[in-house]
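Input: a single structure, listed below in structure tokens.
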Amino acid sequence: GAVVSQHPSWVICKSGTSVKIECRSLDFQATTMFWYRQFPKQSLMLMATSNEGSKATYEQGVEKDKFLINHASLTLSTLTVTSAHPEDSSFYICSPPGAGVSDTQYFGPGTRLTVL
Amino acid sequence: SQQGEEDPQALSIQEGENATMNCSYKTSINNLQWYRQNSGRGLVHLILIRSNEREKHSGRLRVTLDTSKKSSSLLITASRAADTASYFCATDGGQETSGSRLTFGEGTQLTVNP
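Order-wise, the sequence lines are chains A and B.
First residue of the first sequence? That's 61 in this note's numbering, and the numbers climb one at a time after it.
First residue of the second sequence? That's 542 in this note's numbering, and the numbers climb one at a time after it.
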């Protein structure tokens, strides 16, 4: 299956600071990357989709100016949480699309963000 | 985005018993996937079932899919303490393009007591 890494695996920051999360595809090239968010004891919700060479697309209710997404290359997508607040504390997970409509989709190991 | 529903929300059983979790969804799909998540960890893919399939097995896992009822079930047989985790179903919304974004169910927290 696809190998995806995320860095950092966890981060604690002060309110008002910005945090960058990296998602790398290690054994394949990805023109698209899905970013999900999971609050404690809740399910995963799609936040946005990064696209190599074009702007990211955001789901309804997700602030694009707060969650900056950049698909820098075919192996790297980044999510920057700007001016983080405690309510942004969550588990952020990236996932490349499967190879076909009936293909398994794999997920990165996730990044736990805690904003104090 | 829409989310599916899963029941039960929490399930506690003894080792050796079977565990059944159900998932319902709202849109047409190409496939449905089940994932496991240990506390505070990433997702582990368990099994994928296509919309034209009705049942699929993988080891101790059995998944059924009823597209007429828009529902699926995951059965874990002979459960072990190591099966303790949250289980999520995820659907692709029936989009025709490859690599569709997934919509997740609310999850079932399974606890297997030794």
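Glycine is no exception: its CB is placed at the ideal position from the N, C-alpha and C atoms.
It should be emphasised that the depicted structure is a prediction, and the values quoted were computed from it without experimental measurement.
At the C-beta level, leucine 173/A and valine 141/A come within 9 Å of one another.
By the Cβ criterion, the region 559–571 of chain B is in contact with the region 615–628 of chain B, since at least three pairs of Cβ atoms, one from each stretch, lie closer than 8 Å. By the rule that beta-carbons nearer than 9 Å mark a contact, tyrosine 566/B does not touch chain A. Between the alpha carbons of threonine 135/A and histidine 598/B lies a gap of roughly 34 Å. Check the Cα spacing between threonine 91/A and each of Val175/A, Thr171/A, Pro169/A, Pro157/A: the tightest is with Pro157/A. In the structure shown, the three-state DSSP call for aspartate 548/B is strand.
Note on geometry: alpha-carbon atoms of alanine 116/A and histidine 67/A lie some 20 Å from one another. Membership of alanine 626/B in the beta strand (DSSP E) is indicated by the continuous run 626–632.
Of the residues Ser65/A, Arg97/A, Ser78/A, Val64/A, the one whose Cα lies closest to the Cα of valine 175/A is Ser78/A. Scanning Gln574/B, His586/B, Gln578/B, Thr605/B for the CA closest to the CA of glutamine 102/A turns up Gln578/B.
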